[in-house]
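Enquirer: Below are the structure tokens for one structure; questions will follow.
Residue numbers (full-length UniProt numbering): 1 to 121.
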């Protein structure tokens, strides 16, 4: 059983955040109307994997708040990190080994959220 099964990154500017993650991850995020606002879904396998979304919620604020999620960017860590500045984000921690558990990097997204990136290779 996974310790985590869903995550939400709260955003202040939905379109800006949606564009940031599509550019950085080089993947499309499906936009749906959720409970009280729009959501942009990160690609995942609902039956077997952990899912998450960008959430446009009037009740929540974006930014650093004590929680960090790690997005799986398997085999693409360097490429993803390299796209961050051009997409409007900041690299907080470049690629770092966490042997034997692969590599991580930490970025600040277009909304001020600190987000981890993880790859085994």
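Yeah, the Cβ is synthetic: ideal placement off N, Cα and C, and Gly gets one too.
Only a predicted model underlies this, so the values are computations on that prediction, with no experimental measurement involved.
Measure the Cβ-Cβ separation of residue 40 and residue 31 and say whether it is below 8 Å.
Expert: Yes, Cβ-Cβ distance for residue 40 and residue 31 is below 8 Å.
Enquirer: For the ligand MG, any of its heavy atoms closer than 7 Å to the Cβ of residue 15?
Expert: Summarising the ligand content, the structure contains no ligands, and the ligand MG is consequently not present.
Enquirer: I need the boundaries of the beta strand (DSSP E) containing residue 83, first residue and last residue.
Expert: Careful: residue 83 lies outside any beta strand (DSSP E), inside the alpha helix (DSSP H) at 77-87.
Enquirer: Leaving out the 5 sequence neighbours to the left and right, which residues in its chain are closer than 6 Å to residue 73 when beta-carbon positions are compared?
Expert: Excluding positions up to five away in sequence, the list reads 80, 117 and 119.
Enquirer: As a quick exercise: from 9, 71, 83 and 98, pick the residue whose alpha carbon is nearest that of residue 58.
Expert: Checked all of 9, 71, 83 and 98; the closest Cα to residue 58 is 9.
Enquirer: Determine the extent of the beta strand (DSSP E) in which residue 10 is found, giving its start and end residues.
Expert: Run containing residue 10: 6-10, per the beta strand (DSSP E) assignment.
Enquirer: What are the start and end residues of each continuous beta strand (DSSP E) run of 3 or more residues lying completely inside the stretch 37-61, in chain order?
Expert: Runs of the beta strand (DSSP E) inside the stretch 37-61: 37-41 and 51-55.
Enquirer: Should residue 111 go down as buried or exposed, given a rule of 16 or more other Cβ atoms within 10 Å for buried?
Expert: Answer is buried; the Cβ neighbour count reaches 16.
Enquirer: So, is residue 55 buried or exposed, given that buried needs 16 or more other C-beta atoms within 10 angstroms?
Expert: That one is buried.
Enquirer: Helix or strand or just coil, what does DSSP make of residue 17?
Expert: Residue state, collapsed to three classes: helix.
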